[in-house]
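K.L.:
Take a look at this one; I'll ask things after.
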Amino acid sequence: MITIKTSRILNVLLIIFFTCTLAACSRGKEDAVRDMVSPQQKSYNIYVFWDGRQSDYSELIEEMLNVINSEAILESLPIHNMSFISLDDQTQKYDYKKLFAIEQSPTIIVLDHEGIVLQTNDPNDIYDIPKN
122 MITIKTSRIL NVLLIIFFTC TLAACSRGKE DAVRDMVSPQ QKSYNIYVFW DGRQSDYSEL
182 IEEMLNVINS EAILESLPIH NMSFISLDDQ TQKYDYKKLF AIEQSPTIIV LDHEGIVLQT
242 NDPNDIYDIP KN
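Residue numbering for the sequence shown follows my numbering, beginning at 122 and increasing consecutively.
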């Protein structure tokens, strides 16, 4: 028969075990960046995070396409991938809003093969990447 003291100890140990397991499984910023980087050197991935309001989505796509399809960017900044992610989408692998301290929509994160090279709210800031 298990005594009350032994039962409490087992409960505490179980709580510690599950807490450690959850902490080990939680995904951090480094994991997200590793998943987001461009797979090729000298190329870039662009992630556009928006607040999920449908009304500004088409304008946002158009604005981003105008930037990445501009002659200046096409000649100097090879884009591997551009993704739009709704911050309202609860099915995402990461809590991007928390990990990247996203406070405005849109937030644009540009990554090369090593990590983040730009985090901004202004698509026109992408023009400055080749200059750096």
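Glycine residues also receive a C-beta, built at the ideal position from the N, C-alpha and C atoms.
In angstroms, rounded to a whole number, what distance separates the CA positions of P227 and L181?
P.N.:
Roughly 8 Å separates the two Cα atoms.
K.L.:
Take Y165 and list the residues in its own chain whose beta-carbon comes closer than 8 Å to its own, dropping the five residues that flank it on each side.
P.N.:
Once the five neighbours on either side are set aside, the close Cβ partners of Y165 are S159, L198, P199, I200, H201, V231, L232, D233, V238, I250.
K.L.:
Is the segment 208 to 215 close to the segment 147 to 156, with three or more CB pairs under 8 Å?
P.N.:
Because the criterion of three Cβ pairs below 8 Å is met, the segment 208 to 215 and the segment 147 to 156 touch.
K.L.:
Excluding the 5 residues preceding and the 5 following I223 in the sequence, name in chain order all residues of the same chain whose CB lies nearer than 8 Å to its CB.
P.N.:
Around I223: F170, L208, Y217.
K.L.:
Would you mind reading off the limits of the alpha helix (DSSP H) that contains Y217?
P.N.:
Counting along the chain, the alpha helix (DSSP H) containing Y217 begins and ends at 217 to 220.
K.L.:
Determine the direct distance from the alpha carbon of E184 to that of Y248, and round the result to whole angstroms.
P.N.:
Answer to the nearest angstrom: the Cα atoms are 13 Å apart.
K.L.:
Are S204 and Y168 close, meaning C-beta to C-beta below 7 Å?
P.N.:
It is a contact, given that the beta carbons lie within the stated cut-off.
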